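Okay, so here's the structure we're looking at.
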């Protein structure tokens, strides 16, 4: 982020210790408000949510789905709110709702089961061949396939080149949208040659064309009363020309594409990154992995696979996921907010239109909230009787808060749980003996670690 170096979340956390939870910096020509501290962030995004629900009118944001992205668009009025409700309902209908034609409890469980089984087979195949692998390469496609099944009603072959090229663009997307492009803060730069921005434009164009093609195919085969997936659900709404009984807000064909792209983003990169960090912590903390597997064996046994309904009976696995979210803080900042009107926060006057950084990493490493925050210890989330400490678990901030929180949060938490439960029930992960794993996060909208090709997976008896 320009003058803040490679780890702006850490630098701004250090500044907050000196200057407090509400501070202002200047990036290029743009004054930026930086919010830290759980109480302050909750005050801004939840209690004063209407004041802080905007998005900055950044040039790079206008390049995402032609400036019509529900996630990045500065609009936060009734049209935006109605579309967000529609997207949330569609996501719920084709993820956590039950599928009458399946033995799985819901669509999400069915899709994750299929992809987890594929991964188990693939890991076995790789262990029989080279004897080591990079798990990110395979997880990213499986997670993309889950959201594709929900949005498009289909899964792709893991070797489909068009699909793979689009899936692997997510890293580049994250690098630019993490904290805005320099041209967002210094407008004159957008008129100068900019390779990163040109790549970003091309990325968004290609993804738009990809989804547009699928939506057109859905129109050709659409049958009212036979809704196959989210895209069909949105087409039905489009033909009804209404979002709900109370809002005469038309959903155009183009808007369908934009909503689907937003949903794909909500259900893809966060889950992929969460799973890849989880595997890293598992191989660097074999004691923790063993405890998870003992819990799985006690609760589930060896005769069946884990299911979503097992989640309440697997508190140690849940604690591990929470600690992975907290310790890695792989979404260091929320997508940038802006104020929709003049406001007052902690006694400070905040003018309308002020760009706002919300430092989630600081909250998750705040010594006032966490004992030894740099230590990875899932047990911190367990009460004396071995259940999840609900109050403490709600202090982990990774999906944002308030009116702009990630619409994919519920599905992401369930998906991460089920993938890990199925994989750890069947295999034990480690790295090639003698290999030291680099856990240094690389800054982005979601922080990744250096790809490691030395993972191993051994089938459990």
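In the working numbering, the protein residues as written are 63 to 523. Just so it is clear, CB atoms sit at the ideal spot from N, CA and C, and this is done for glycine as well. As the structure is a prediction and not an experimental result, all values here were calculated from the model.
Practice item. Helix, strand or coil for residue 509, going by three-state DSSP, please let me know. Key: Sequence index remark: in the chain shown, residue 509 carries index 447 (1-based). Residue 509 falls in the coil class under three-state DSSP.
Point to revise | Bridge partner(s) assigned by DSSP for residue 73 | key: The residue labelled residue 73 in the question sits at position 11 within the chain shown. Beta-bridge pairing links residue 73 to no other residue.
Check your understanding: Is the segment 445–458 in contact with the segment 411–418, if contact means three or more CB pairs nearer than 8 Å?
Key -> Touching, no, given that fewer than three Cβ pairs across the two stretches are closer than 8 Å.
Review point. Cβ atoms of residue 214 and residue 331: under 8 Å apart, would you say?
Key: Position 269 of the chain shown, counted from the start, is the residue given in the question as residue 331. Position 152 of the chain shown, counted from the start, is the residue given in the question as residue 214. Cβ atoms of residue 331 and residue 214: not closer than 8 Å.
Point to revise | For residue 167 and residue 410, the rounded distance between their alpha carbons | key: Taking the first residue of the chain shown as 1, we reach residue 410 at position 348. Taking the first residue of the chain shown as 1, we reach residue 167 at position 105. C-alpha separation (whole angstroms): 49 Å.
Review point. Would you call the segment 336–356 and the segment 484–491 touching, i.e. three or more CB-CB distances under 8 Å?
Key: yes
Review point. Who does residue 135 pair with in a DSSP beta bridge?
Key: Locating residue 135 in the chain shown gives position 73, counting from the first residue. In the DSSP output, where bridge partners are listed per residue, residue 135 has none listed.
Review point. Taking DSSP as the reference, what is the three-state secondary structure of residue 445?
Key: The count along the chain shown starts at 1 and reaches residue 445 at position 383. Coil, per DSSP.
Review point. What span of residues does the beta strand (DSSP E) with residue 216 cover, start to end?
Key: Mapped onto the chain shown, residue 216 falls at position 154. Unbroken run through residue 216: none, as it is neither H nor E.
Review point. Between which two residues does the alpha helix (DSSP H) containing residue 273 stretch?
Key: For the purposes of this step, residue 273 is taken as residue 211 along the chain shown, with counting starting at 1. Here the alpha helix (DSSP H) through residue 273 covers 257–283.
**Study point:** Cα-Cα separation between residue 399 and residue 140, rounded to whole angstroms
**Key:** On the chain shown, position 337 is the one that residue 399 refers to. On the chain shown, position 78 is the one that residue 140 refers to. Cα to Cα, residue 399 sits roughly 18 Å from residue 140.
Exercise for review: Entirely within the segment 396–454 and at least 3 residues each: give me those beta strand (DSSP E) ranges in chain order.
Suggested key: 405–407, 410–412 and 417–420
Point to revise | C-alpha distance - residue 89 paired with residue 247, whole-angstrom precision | key: The residue you call residue 89 lines up with position 27 of the chain shown. The residue you call residue 247 lines up with position 185 of the chain shown. Straight-line spacing of the CA atoms in residue 89 and residue 247 works out to 6 Å.
Exercise for review: For the alpha helix (DSSP H) holding residue 186, just list the boundary residues, first then last.
Suggested key: Numbered from its first residue, the chain shown carries residue 186 at position 124. Counting along the chain, the alpha helix (DSSP H) containing residue 186 begins and ends at 169–190.
**Study point:** Spatial distance of residue 198 from residue 93 (CA atoms)
**Key:** Taking the first residue of the chain shown as 1, we reach residue 198 at position 136. Taking the first residue of the chain shown as 1, we reach residue 93 at position 31. Rounded to whole angstroms, the gap between the alpha carbons of residue 198 and residue 93 is 37 Å.
Review point. Based on the DSSP output, what are the partners of residue 87 in its beta bridges?
Key: One-based indexing of the chain shown puts residue 87 at position 25. Looking at the DSSP assignment, residue 87 forms a beta bridge with 94.
Check your understanding: Is it right to say residue 393 is buried, meaning 16 or more other beta carbons lie within 10 angstroms of its own, or is it exposed?
Key -> Counting from 1 along the chain shown, the entry for residue 393 is found at position 331. Label assigned to residue 393: buried.
Review point. Roughly how many angstroms lie between the CA atoms of residue 109 and residue 222, to the nearest whole one?
Key: In the chain shown, the residue the question calls residue 109 occupies position 47. In the chain shown, the residue the question calls residue 222 occupies position 160. Cα-Cα distance, rounded: 46 Å.
Review point. Are the Cβ atoms of residue 534 and residue 206 separated by less than 8 Å?
Key: The structure shown does not extend to residue 534, since the chain is modelled only from 63 to 523, so the question has no answer here.
Point to revise | Pairwise C-alpha distance: residue 208 and residue 517 | key: Counting from one through the chain shown, the residue named residue 517 turns up at place 455. Counting from one through the chain shown, the residue named residue 208 turns up at place 146. So the two alpha carbons sit approximately 23 Å from each other.
**Study point:** Chain-order list of residues whose beta-carbon lies under 7 Å from that of residue 449 (same chain, five-residue window excluded)
**Key:** Here residue 449 refers to the residue found at position 387 of the chain shown. Contacts found: 377.
Practice item. Compare the C-alpha of residue 201 against each of 441, 324, 272 and 176 and name the closest. Key: What you label residue 201 is simply residue 139 of the chain shown in a count that begins at 1. Comparing Cα positions, the closest option is 176.
Review point. If residue 154 sits next to residue 464, beta carbons under 8 Å apart, how far is it from one beta carbon to the other, in whole angstroms?
Key: On the chain shown, position 92 is the one that residue 154 refers to. On the chain shown, position 402 is the one that residue 464 refers to. Rounded, the Cβ-Cβ distance is 19 Å, inconsistent with contact.
Practice item. Hey, could you find the ends of the beta strand (DSSP E) residue 489 is sitting in? Key: Here residue 489 is taken as the residue at index 427 of the chain shown, counted from 1. Per DSSP, residue 489 belongs to the beta strand (DSSP E) from 489–493.
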